[in-house]
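Going by my numbering, the first residue of the sequence shown is number 44, and it counts up by one from there.
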Amino acid sequence: MGRALAVIIWIITALSVLMFVSKKWWFPTAISEHGPALDRQFLITIIVVGISFAAAQIGLGWMVWKYRDTGKAGDRGLYTHGSNRLEMIWTVVTAVVFISLGIMGQSVWASLRLHDAPAGSYTVEVVAQQFQWNFHYPGKDNVFGKTDPKVIDDGSLNFVGLDESDPNAKDDSVITALAIPVNKPVELRLRSKDVIHSFWVPPLRFKQDLVPGMEIKVHFTATKVGQYELACAELCGQLHFKMRSFMLVLPDDEMDSLKGLPQAQFQARIKELLAKYPITTD
Ligand SMILES: [Cu+2]
């Protein structure tokens, strides 16, 4: 029985490692400037963790095999305090490995979140709510109209509380899909009206929480034209599963064609573009 258990442990270990090595279930291709660096970091982490996992499981199987019940009379278990020295060693080694991985990975993370977006970035305000994404575009003047929580009115479709009396709000558009230019830095200003949501576009390699009461600024550059699924990655309520939208990465001319369109035409044009670009899934 002991031997069978050891073999089962080794088989499960081999299958688990194989699942990653085969790359059958892997990320979709990255479509952002920072994507390759992030993927590289992920690969280093998974290799380090994979080696530790395999070593620990092989060791576990070996222990199960070696110290199995052989049925011999007088074959009794031993009580041991363990080894403080060994415990110290594996704790320190684990700490060093994980802290090093964290330090290696932080530069990409920090460059997108802690540094300001490059000047001239295309800026969109993202306002999440149960269970919908709202994207607020500043229009031709590149200035966001004033928003005020007091005038938020979902009934009249003023989801972000745009103050129509502000002249800067006249050319603004608010829609439920995200359209951004290709190969240009994009800044998102993320806000939430109710609970924590999470902006996630897997091919973009970008995931960021939206927290009520905070405006979180992030930036990235998308490098491939197309349409991509955008999901809420935070369990935000009963209809969380419905909270999906789409991100359009558009060439310059199509991006220009959107500029300065009044809200109704802007929405119609986005609808056309959503129909034009198939959703990229690989
Ligand atoms: Cu959500």
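Positions of the beta carbon are idealized from the N, C-alpha and C atoms, including for glycine.
In this structure, ligand 1 has a non-hydrogen atom nearer than 8 Å to the beta-carbon of residue 173.
In the three-state DSSP reduction, residue 287 falls in the strand class (E or B). In summary, residue 321 is exposed, with fewer than 16 beta-carbon neighbours lying within 10 Å of its beta-carbon over all protein chains present. DSSP places residue 85 in the uninterrupted alpha helix (DSSP H) bounded by 78 to 109. At least one heavy atom of ligand 1 falls within 8 Å of the beta-carbon of residue 277. Non-local C-beta neighbours of residue 230 in its own chain, meaning closer than 8 Å and more than five positions away in sequence, comprise 160, 164, 165, 166, 167, 260, 261 and 262, ordered along the chain.
Within the model, the alpha-carbon separation for residue 150 versus residue 60 is close to 28 Å. Residue side-chain check: residue 280 places its Cβ nearer than 8 Å to a non-hydrogen atom of ligand 1. In the three-state DSSP reduction, residue 234 falls in the strand class (E or B). When distances are taken from the beta-carbon of residue 44 to the heavy atoms of ligand 1, even the shortest one reaches 8 Å or more. Taken from the Cβ of residue 131, every heavy atom of ligand 1 lies 8 Å or farther away.
If you draw a straight line from the Cα of residue 137 to the Cα of residue 145, it is about 12 Å long. Closer than 8 Å to some heavy atom of ligand 1: that does not describe the Cβ of residue 186. Where residue 296 is concerned, the enclosing alpha helix (DSSP H) starts and stops at 295 to 301. Ranked by Cα distance from residue 269, the options 44, 57, 73 and 67 are led by 73.
In this structure, residue 282 sits away from residue 316, with a CB-CB distance that is not shorter than 9 Å. Per DSSP, residue 188 lies in no alpha helix (DSSP H) and is assigned neither H nor E. Three or more Cβ pairs closer than 8 Å define a contact, and the stretch 196 to 216 falls short of that threshold against the stretch 240 to 256. Within the chosen limit of 8 Å, ligand 1 reaches the beta carbon of residue 241 through at least one heavy atom. In the DSSP annotation of this structure, residue 166 is not part of any alpha helix (DSSP H); the continuous beta strand (DSSP E) holding it starts and ends at 165 to 172. Nearest neighbour of residue 275 by Cα position, chosen from 62, 152, 78 and 172, turns out to be 172. Taking the C-beta atoms as reference points, residue 170 is found no nearer than 9 Å to residue 194. Look at residue 244: its beta carbon is at least 8 Å from all of the heavy atoms in ligand 1.
The nearest non-hydrogen atom of ligand 1 is less than 8 Å from the C-beta of residue 286.
Only residues of its own chain outside the window of five on either side were considered, and among them 244, 246, 290 and 323 have a CB closer than 6 Å to the CB of residue 271, listed in chain order.
For the 9 Å CB-CB criterion, residue 52 and residue 107 form a contact. The residues 71 and 72, in chain order, have a CB closer than 7 Å to that of residue 325 in the same chain once the five nearest residues on each side in sequence are set aside.
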